[in-house]
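Peer 1:
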């Protein structure tokens, strides 16, 4: 186990989730029973046959899913240590670009939020995390746009672009409906590698078909990167074409 920071809140921990993860295996990784239970619960959620994201299953199967246990999505308490962990995760990926690496942040003390409230809390955290990334001297990934209205938008931590998947108990899509509020950070570089290798479309179709089987319909918010801003997909809420991102973007935020 690695303590994120000497001033981090009690219970903030990082661990690599393994398909063999269990209570005995994690007892040395988490100092609190709640953390052990949460890690096991998320592992089992992904391992269910109905869970549609085969990329997440691959990350878990390869022991490449790094998890951070924080406090509440409605609180700024974890923002600095979490931003630091994302920067470290990006740096580690540069050294080892093996496929299906992902970073998961749990916020078990988040109050019950409906989809609109969750979306606002998600963007509040993103705004603060991006400010911390900039404050820590990190440049924005030059391959993407910092403007949430741009079709080329993506978040950036440690100079690398990330796509975020928000999950919570009140999500309308079953694949996003996890008991504990969670943010999943996926590296864009891995999507680019799959496209270059001709694997992206096959994986995308498989996920869409599995998601349709689970939910009974295709997620109407899904789009390929570059077709429209990915910001609309982060919270999982179904919105109309006039939706505007609650955050103006890092460039405008610092003006």
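Numbering (the working numbering), first residue to last: 22 to 276. Here a beta-carbon is modelled for each residue, glycine too, at the ideal position from N, C-alpha and C.
Whose CA, out of 109, 103, 96, 62, lies closest to the CA of residue 126?
Peer 2: Against the chain shown, residue 126 aligns to sequence position 105. Checked all of 109, 103, 96, 62; the closest Cα to residue 126 is 103.
Peer 1: Exposed or buried, what is residue 196 when buried is set at 16 or more other beta-carbons lying within 10 Å of its beta-carbon?
Peer 2: For the purposes of this step, residue 196 is taken as the residue at position 175 of the chain shown. Looking at its Cβ environment, which holds 16 or more other Cβ atoms inside 10 Å, residue 196 is buried.
Peer 1: Less than 8 Å between the beta carbons of residue 174 and residue 209, yes or no?
Peer 2: Taking the first residue of the chain shown as 1, we reach residue 174 at position 153. Taking the first residue of the chain shown as 1, we reach residue 209 at position 188. No, the pair does not count as a contact, with Cβ atoms beyond the cut-off.
Peer 1: Mind checking who residue 166 pairs with in its DSSP beta bridge?
Peer 2: Translated into the one-based positions of the chain shown, residue 166 becomes position 145. In DSSP, residue 166 forms a bridge with 174.
Peer 1: To the nearest angstrom, how far is it from the Cα of residue 97 to the Cα of residue 218?
Peer 2: Your numbering for residue 97 matches position 76 in the chain shown. Your numbering for residue 218 matches position 197 in the chain shown. Distance between the alpha carbons of residue 97 and residue 218: 39 Å.
Peer 1: Just to confirm the assignment: which complete alpha helix (DSSP H) runs, minimum length 4, are found wholly within the region 55-120?
Peer 2: You should have 75-82, 100-116.
Peer 1: Using the C-alpha atoms, what's the distance from residue 250 back to residue 89?
Peer 2: As a first step, residue 89 is located in the chain shown; it is residue number 68 there, counting from the start. As a first step, residue 250 is located in the chain shown; it is residue number 229 there, counting from the start. Rounded to the nearest angstrom, the two C-alpha atoms are 27 Å apart.
Peer 1: Give every residue of the same chain whose Cβ lies closer than 7 Å to the Cβ of residue 73, excluding the five residues on either side of it in the sequence, and list them in chain order.
Peer 2: Taking the chain shown and counting its residues from 1, the one referred to as residue 73 is at position 52. The residues are 196, 228, 231, 232, 235.
Peer 1: Please state the DSSP three-state secondary structure of residue 224.
Peer 2: By 1-based counting over the chain shown, the position of residue 224 is 203. Residue state, collapsed to three classes: helix.
Peer 1: Take residue 205 as the anchor and find which of 162, 85, 101 has the nearest alpha-carbon.
Peer 2: Taking the first residue of the chain shown as 1, we reach residue 205 at position 184. When each option's Cα is compared against that of residue 205, the closest is 85.
Peer 1: Using a 10 Å radius around the Cβ and a threshold of 16 neighbouring Cβ atoms, would you call residue 268 buried or exposed?
Peer 2: Within the chain shown, residue 268 is the residue found at index 247, counting from 1. Buried, by the Cβ-count rule.
Peer 1: Should residue 166 go down as buried or exposed, given a rule of 16 or more other Cβ atoms within 10 Å for buried?
Peer 2: Position 145 of the chain shown, counting from 1, holds the residue named residue 166. Buried, because 16 or more other Cβ atoms sit within 10 Å of the Cβ of residue 166.
Peer 1: Among 129, 112, 193, 149, which one has its Cα closest to the Cα of residue 238?
Peer 2: Numbered from its first residue, the chain shown carries residue 238 at position 217. With distances taken between Cα atoms, residue 238 lies closest to 193.
Peer 1: Which term fits residue 259, buried or exposed, when burial requires 16 or more other beta carbons within 10 angstroms of its beta carbon?
Peer 2: On the chain shown, position 238 is the one that residue 259 refers to. Exposed, because fewer than 16 other Cβ atoms sit within 10 Å of the Cβ of residue 259.
Peer 1: Could you give the residue range of the alpha helix (DSSP H) that holds residue 149?
Peer 2: In the chain shown, residue 149 corresponds to position 128, counting from 1. First-last of the alpha helix (DSSP H) with residue 149: 136-156.
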